[in-house]
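Residue numbers (UniProt numbering): 1 to 466. Cβ atoms here follow ideal geometry from the backbone N, Cα and C, with glycine treated the same way. Quick caveat: nothing in here was measured; it's all calculated off a predicted structure. Note sheet for the following structure.
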Amino acid sequence: MTTLIRGGTVVGSTGGTKADVLIDGETIAAIFAPGHSPEVGHVIDATGKYVIPGAVDAHTHMELPFGGTHASDTFDTGTRAAAIGGTTTIIDFAVQRTGEVVQDGLAAWHGKADGNCHIDYAFHMILGGVDDESLKAMDQLVAGEGISSFKLFMAYPGVFYSDDGQILRAMQKARDNGAMIMMHAENGPAIDVLVKQALERGQTDPVHHGLTRPQELEAEATSRAIWLASVAADCPLYIVHLSASKALEQVRNARDLGRNVFAETCPQYLYLTLEDQLGAPGFEGAKWVCSTPLRSKHETHRADLWQGLRTNDLSVVSTDHCPFCFKDQKELGLGDFSKIPNGIGGVEHRVDLLYQGVVDGKLSLGRWVETIATTPARMFGLYPRKGIIAPGSDADIVLYDPNGRTRISAETHHMNMDHSAWEGWEIDGRVDTVIARGEVIASGGEYTGRAGRGRYLKRGLSDYLL
């Protein structure tokens with residue numbers, strides 16, 4: 001089947017241009033100047049709309065076990081919500097815990113996702129136990145499974161934590177096989193001391209989750225990871241969910257020296273704050289407990305992160321989508337903030353929230369598309385299949401209406417959670433139509449996709465490797 005998207009403004013990383021897009025089957029066949037496209041049977045009128053690549057969310061956690069419970073979105077519910085919000089590819093995290101076999105962890109995540117995804121998906125691999133066997137597994141996953149990125153944790157001792165020696169060994173292996181090391185950069189042992197001290201003082205409310213994870217401990221861990229990567233022959237390093245000015249400074253300094261250092265941030269750090277959300281009265285702030293935490297509005301974090309996106313010191317905006325319901329899940333931490341499951345749900349809203357940055361003059365149109373689609377595809381070995389509107393690429397396309405309006409609410413969102421981190425927020429734009437591999441799966445508020453149509457994507461190496 002051929003489809004012509006006619007009359008829209010095609011937006012890529014260099015900006016927008018009027019053009020028509022021809023889809024043949026599951027891929028993009030051609031791009032035509034206005035008035036030069038052929039006549040086809042199925043035409044989608046994109047007049048007044050932006051035509052952008054389907055968004056790629058490079059950081060999600062569907063069904064993640066954490067804190068005695070599981071993330072509330074399954075691969076079915078989570079990818080459906082993502083699709084409705086204009087995301088047509090996710091990269092989730094398969095998990096290996098200490099003492100487990102890496103390949104068994106990957107198989108478990110394939111079992112969760114297979115036949116349940118509404119959109120295409122890929123996996124990173126969390127290494128919770130770096131030893132001789134897991135290092136061998138890294139080679140096998142890169143060569144045979146299409147997994148070319150591995151996440152390590154400098155936080156959560158006793159759960160996912162790796163010490164500096166383990167981190168260095170994994171980085172050396174990644175440098176050899178071409179993989180990317182992704183790092184949760186917080187000084188976990190120091191945080192545990194601060195958490196224990198706070199609880200001993202009777203400071204149990206959710207706001208203390210943020211106060212016991214100060215930005216200095218994010219910056220210290222970020223700097224340490226960067227220097228360990230330097231020892232490992234400049235192993236490619238990607239800092240996940242960067243939230244604070246001092247951590248960004250470490251990344252900026254490394255990039256100014258030409259290092260293979262990259263970082264992402266998330267919408268929650270661009271908009272939300274410790275005082276207004278995490279510090280909400282009573283236990284309400286538990287809705288916004290995530291790690292790294294929300295930062296103070298009395299410091300320059302949000303402005304610095306927006307600037308980092310403009311200067312490319314922050315390369316990607318992901319969601320770190322890890323939702324938990326308030327009732328029975330977040331409530332596990334009543335009386336002890338350290339037991340609140342860490343995570344915010346947002347996979348449905350990233351495209352809209354970053355477009356608001358365009359409206360507010362904080363990002364260009366081209367940079368919007370880069371940070372939500374093109375760069376994550378290039379960073380993680382999916383480009384040019386994903387992340388660009390070009391002949392031969394998958395026909396993952398979103399028609400975005402700049403004249404529309406989106407109001408975010410738990411009453412209307414499609415994520416499997418009983419609250420919204422963005423309750424009442426209004427966006428000056430709206431996802432109008434979503435096309436995934438040539439099939440219209442959402443249009444005009446109606447969803448027509450289905451579980452099982454999403455395919456597993458074997459990824460190549462990063463486009464940014466040196």
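- V261 carries a strand assignment under DSSP once its states are collapsed to helix, strand and coil.
- With respect to the 8 Å criterion, A219 and A247 are classified as neighbours on the basis of their beta carbons.
- Cβ neighbours of A55 within its own chain (closer than 6 Å, five residues either side excluded): G86, T87, V351, I372, A373.
- In this structure, the CA atom of T69 is about 19 Å from the CA atom of E100.
- If you draw a straight line from the Cα of Q215 to the Cα of G445, it is about 40 Å long.
- The straight-line gap separating the alpha-carbon atoms of K151 and Y161 is approximately 11 Å.
- Using a Cβ distance threshold of 8 Å, V102 and A137 count as a contacting pair.
- For S338, the secondary structure class from DSSP, reduced to helix, strand or coil, is helix.
- The alpha-carbon of G381 is positioned some 43 Å away from that of Q197.
- Of G48, P293, R97, the smallest CA-CA separation from V207 is found for P293.
- Out of V434, N403, L465, A113, the CA that lies nearest to the CA of T74 is found in A113.
- The segment 416–425 and the segment 445–461 do not touch, with fewer than three beta-carbon pairs separated by less than 8 Å.
- C235 places its beta carbon 8 Å or farther from that of I191.
- Annotation: the continuous beta strand (DSSP E) that includes D20 extends over 15–24.
- E426 is positioned such that its CB atom lies no closer than 8 Å to that of R453.
- One alpha carbon belongs to G8, the other to I397, and they sit about 12 Å apart.
- Going by C-alpha positions, D76 is about 38 Å away from T300.
- H413 and D45 have their C-alpha atoms roughly 26 Å apart.
- Put simply, of W288, H298, K339, T311 the residue whose alpha carbon is nearest the alpha carbon of D320 is W288.
- Per DSSP, K196 is one residue of the alpha helix (DSSP H) stretching across 188–200.
- Non-local C-beta neighbours of L194 in its own chain, meaning closer than 7 Å and more than five positions away in sequence, comprise T212, ordered along the chain.
- For Y464, there is no enclosing alpha helix (DSSP H), since its DSSP letter is neither H nor E.
- Per DSSP, reduced to three states, the secondary structure at G7 is strand.
- Within the same chain, and ignoring the five residues on either side of Q356 in sequence, the residues whose Cβ sits closer than 6 Å to its Cβ are I427.
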